[in-house]
Amino acid sequence: MNDPPLLSITGLHKRFGGLVVTRDVNLDIPRGETHGLIGPNGAGKTTLLSQLQGDLAPNAGTIRLAGRDIVGLSPDKRARMGIARSFQIAALLPEFTVLQNVGIAVQARLGHSFRFWRLATRDPALTGPAREALAEVGLESEAATPAAFLSHGAKRQLEIAIALAMKPALLLLDEPMAGLGKQEAVAMTRLIARLKGAYTILLVEHDMEAVFSLCDRISVLVAGALVATGSPSEIRDDARVRAAYLGH
Amino acid sequence: MDEPVRPRTACPSRDGLVIAAIVAAFACLPPVANAIDQPFLIRVGQRVVIFALAASALNLTLGFGGMISLMHAAFFGLGAYVVAILSFHEVNGDSLGTGPLALVGTSHLALSLPLAVAAGAAVSALLGAAALRTTGVYFIMITLAFNQMLFYYFVAQQTYGGEDGLQIPGALDLAGLDPARRTPYFYVCLAIFAVALVGLQRVVGSRFGMVLRGAKQNERRVITVGVPAFRYKLAAFAISGALTALAGGLMAGAEQFVSPAEMSWSRSGELVVMCVLGGLDTVWGPALGAAAFLILEFGLSNYTTHWQLPFGLIVIAVAAFSREDVAAWARRAGWRA
């Protein structure tokens with residue numbers, strides 16, 4: 307236990323006015339784990355991710371990344387420390403090509419962007435790693451397509467590629483399967499299975515089949531509170547989870 | 332069928348050719364004006380080149396950064412006043428400011444233009460740092476308010492002519508050249524404009540430009556991948572303010588006169604119209620927009636003092652019927668590479 311867990315959340319609390327959306331959440335995720343976060347709609351899953359990534363500030367509690375408290379750090383600072391997030395509703399740069407969308411993430415990782423002269427789209431220091439990230443998700447053939455013209459499934463893949471280009475320590479995936487067809491969902495599951503182990507992943511997802519097959523451990527969030535954390539089989543058999551969520 | 336809209340800066344060679352063509356077209360103006368014995372056209376061309384520079388500078392924030400600024404006339408006027416005030420103090424022989432901050436005046440544009448640029452950069456960075464805390468309509472309103480603050484500041488400067496403006500009392504000098512000699516000064520302005528346009532073309536395609544254009548499309552996304560977007564937007568605003576102040580300084584040299592009227596908020600609006608008319612998504616579009624705007628203004632005001640009325644109708648017609656800008660017409664006319 308010398309090595310702190312990659313992500314350690316203690317006593318995290320967030321409310322919007324009178325509505326408590328994160329209720330005393332404690333969670334440790336060790337390096338390399340794929341951790342599922344499930345719960346009914348409105349349980350506060352996305353809100354929790356937003357607090358990890360920095361879009362939202364908690365009212366109380368600490369979030370440690372590799373032992374360092376990151377509450378109060380800006381989202382861009384956290385991103386440079388290795389937290390990458392893919393959004394539930396694809397948040398791309400629509401006028402940019404697929405390659406340029408990934409290139410921005412590479413650029414951010416390589417230091418400041420106060421470089422005013424050299425053409426970014428022909429800079430191998432950017433395009434090389436960007437193409438690698440696209441290859442990882444199987445989107446190389448669309449490199450020159452403007453992001454706005456991608457299919458919904460390809461947009462989800464691009465979201466993942468952007469996150470991978472950041473060479474993240476922690477991947478926060480917010481419903482990567484949402485809105486995907488059967489085939490596309492299978493392809494996305496395979497993609498995440500390939501990433502598993504190489505990255506520490508926190509996966510928010512409604513596709514139960516995918517979550518239970520992909521995740522090492524699963525946490526269940528109900529009305530802002532974690533009601534259970536355990537292996538997929540433990541969660542499947544947990545009476546509280548069944549009562550609160552699986553509807554049995 | 333139309334091919335998908337691709338980022339147009341993806342073709343730098345084509346844009347470079349268009350910039351060269353625009354500069355070459357402007358360069359033909361003095362000999363043509365002299366040949367047809369209409370030398371006053373050089374003065375019109377002078378205004379076109381200077382406003383083309385100001386509009387191109389504005390478009391870095393407006394078109395590429397998505398920041399609708401209504402305070403660029405203030406930067407333009409600031410640059411003009413820096414040149415005029417420095418010359419005023421040289422002729423009067425008194426110093427500007429007091430104590431260790433005292434400056435002697437100068438009529439050398441080689442000194443006063445860089446100072447105008449520095450003043451433009453400093454003021455736009457300072458005010459931009461406040462304005463960029465807001466977005467959208469609030470950003471427009473706060474830049475409008477800043478514009479009016481600077482406008483009334485110069486209206487209140489009775490030493491420098493107040494609202495009547497300030498006639499530059501002595502002869503200016505640009506490395507041995509008297510700006511009152513129209514043709515050579517026109518070419519100096521054109522050279523500065525050309526260098527600025529090439530520089531802007533590089534900037535929008537650079538890493539800096541990618542961040543700026545990315546933040547315009549989705550600032551949250553840019554932040555989420557680790558880029559602190561604010562400081563890049565602020566830097567772009569300062570570059571834009573500095574170049575606009577340079578245009579203002581060149582204008583002071585050309586006209587030997589500055590006036591707060593040059594920095595009214597409606598002038599800020601005219602700069603925005605030049606950009607929109609020319610197209611916001613190319614570096615060279617606003618230069619065409621500025622030319623179209625000023626030539627229309629010049630042409631229509633020959634017929635009526637109420638030139639704004641037909642001008643407004645033309646702008647509405649462009650917006651409503653074609654939904655295209657000058658740059659789009661140019662592309663259709665064969666500039667598409």
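So the sequences go chain by chain: W and B.
Start counting the first sequence at 307; every next residue gets the next number (my numbering).
Start counting the second sequence at 332; every next residue gets the next number (my numbering).
Virtual Cβ for every residue (Gly too), placed ideally from N, Cα, C.
{"Asked": "Proximal residues of chain B, C-beta to C-beta of Thr353(W) below 8 Å", "Found": "The contacting residues do not exist; Thr353(W) stays about 16 Å from chain B at best."}
{"Asked": "Cβ shell of Arg391(W) (< 6 Å), same chain only, five flanking positions each side left out", "Found": "Gln359, Leu478"}
{"Asked": "As assigned by DSSP and simplified to three states, the class of Gly428(B)", "Found": "coil"}
{"Asked": "Close Cβ partners of Leu475(B) (< 6 Å) along its chain, the five nearest in sequence each way excluded", "Found": "Leu401, Trp596"}
{"Asked": "Proximal residues of chain W, C-beta to C-beta of Tyr563(B) below 7 Å", "Found": "Ser419"}
{"Asked": "Leu355(W) beta carbon less than 8 Å from that of Val547(W)", "Found": "no"}
{"Asked": "Below-8 Å beta-carbon distance, Ile647(B) vs any chain W residue", "Found": "no"}
{"Asked": "Simplified DSSP assignment, three categories, for Gly376(B)", "Found": "helix"}
{"Asked": "Contacts that Leu425(W) makes with chain B (C-beta to C-beta distance below 8 Å)", "Found": "Pro343, Arg533, Gly536, Ser537"}
{"Asked": "Minimum Cβ-Cβ distance from Met541(B) to chain W less than 8 Å", "Found": "yes"}
{"Asked": "Per-residue burial, Asp544(W) [other beta carbons within 10 Å of its own, 16 or more giving buried]", "Found": "buried"}
{"Asked": "Bounding residues of the beta strand (DSSP E) (the contiguous stretch that carries Thr635(B))", "Found": "No beta strand (DSSP E) holds Thr635(B); DSSP gives it neither H nor E."}
{"Asked": "C-beta neighbour in chain B for Ala398(W), strict 8 Å", "Found": "The sequence shown places Leu at residue 398(W), not Ala. At least one chain B Cβ lies under 8 Å of Leu398(W)."}
{"Asked": "Nearest-angstrom Cα separation, counted from Thr613(B) out to Arg667(B)", "Found": "Only weak support is given to the placement of Arg667(B): the predicted model assigns it a pLDDT of 42, under 50, and the question is left unresolved by the model."}
{"Asked": "Length at least 3, wholly inside the stretch 359–427 of chain B: the beta strand (DSSP E) runs in chain order", "Found": "none"}
{"Asked": "Span separating the alpha-carbon of Ala415(B) from that of Ile523(B)", "Found": "19 Å"}
{"Asked": "Residue span of the beta strand (DSSP E) that contains His319(W), given as start and end", "Found": "313–322"}
{"Asked": "Entirely enclosed beta strand (DSSP E) segments - the stretch 498–528 of chain W, minimum 3 residues", "Found": "506–510, 523–528"}
{"Asked": "Given Leu711(B) as reference, the closest of Gly408(B), Ala650(B), Leu457(B) once Cα atoms are compared", "Found": "There is simply no residue 711(B) to check, as chain B begins at 332 and stops at 668 in what is shown."}
{"Asked": "Neighbouring residues, chain W, relative to Ala705(B) (Cβ below 8 Å)", "Found": "Residue 705(B) cannot be examined here, being either before or after the span of chain B that is shown, 332 to 668."}
{"Asked": "Cβ of Glu339(W) within 8 Å of any chain B Cβ", "Found": "no"}
{"Asked": "Whole-angstrom distance between Ile507(W) and Ala569(B), CA atom to CA atom", "Found": "40 Å"}
{"Asked": "Rounded C-alpha distance that separates Ala621(B) from Met480(B)", "Found": "26 Å"}
{"Asked": "Distance between Pro400(W) and Gln548(B) (C-alpha atoms, nearest Å)", "Found": "7 Å"}
{"Asked": "Own chain partners of Leu427(B) with C-beta closer than 8 Å, once the 5 adjacent residues on each side are dropped", "Found": "Ile416, Leu417, His420, Ala433, Leu434, Val435, Gly436"}
{"Asked": "Simplified DSSP assignment, three categories, for Val534(B)", "Found": "helix"}
{"Asked": "Nearest residue (CA-CA) to Phe518(W), options Trp423(W), Ser537(W), Met483(W)", "Found": "Ser537(W)"}
{"Asked": "Per-residue contacts from Ile466(W) into chain B (C-beta, under 8 Å)", "Found": "None at all; the shortest Cβ gap to chain B is about 13 Å."}
{"Asked": "DSSP three-state assignment for Thr437(B), whether helix, strand or coil", "Found": "coil"}
{"Asked": "Inter-residue spacing [alpha-carbon to alpha-carbon] between Gly459(B) and Leu565(B)", "Found": "6 Å"}
{"Asked": "Proximity below 8 Å, CB of Leu503(B) to CB of Ser438(B)", "Found": "yes"}
{"Asked": "Boundaries (first-last residue) of the alpha helix (DSSP H) holding His458(W)", "Found": "458–471"}
{"Asked": "Residues near Val331(W) in its chain [Cβ-Cβ closer than 6 Å; skip 5 each side]", "Found": "Ile315, Leu318, Leu532"}
{"Asked": "Validate contact between the stretch 463–473 of chain B and the stretch 529–549 of chain B using beta carbons, cut 8 Å, 3 pairs", "Found": "no"}
{"Asked": "Sufficient close CB pairs (3 or more, under 8 Å) joining the stretch 572–585 of chain B to the stretch 437–451 of chain B", "Found": "yes"}
{"Asked": "Delimiting residues of the alpha helix (DSSP H) encompassing Arg424(W)", "Found": "Run containing Arg424(W): none; DSSP gives neither H nor E here."}
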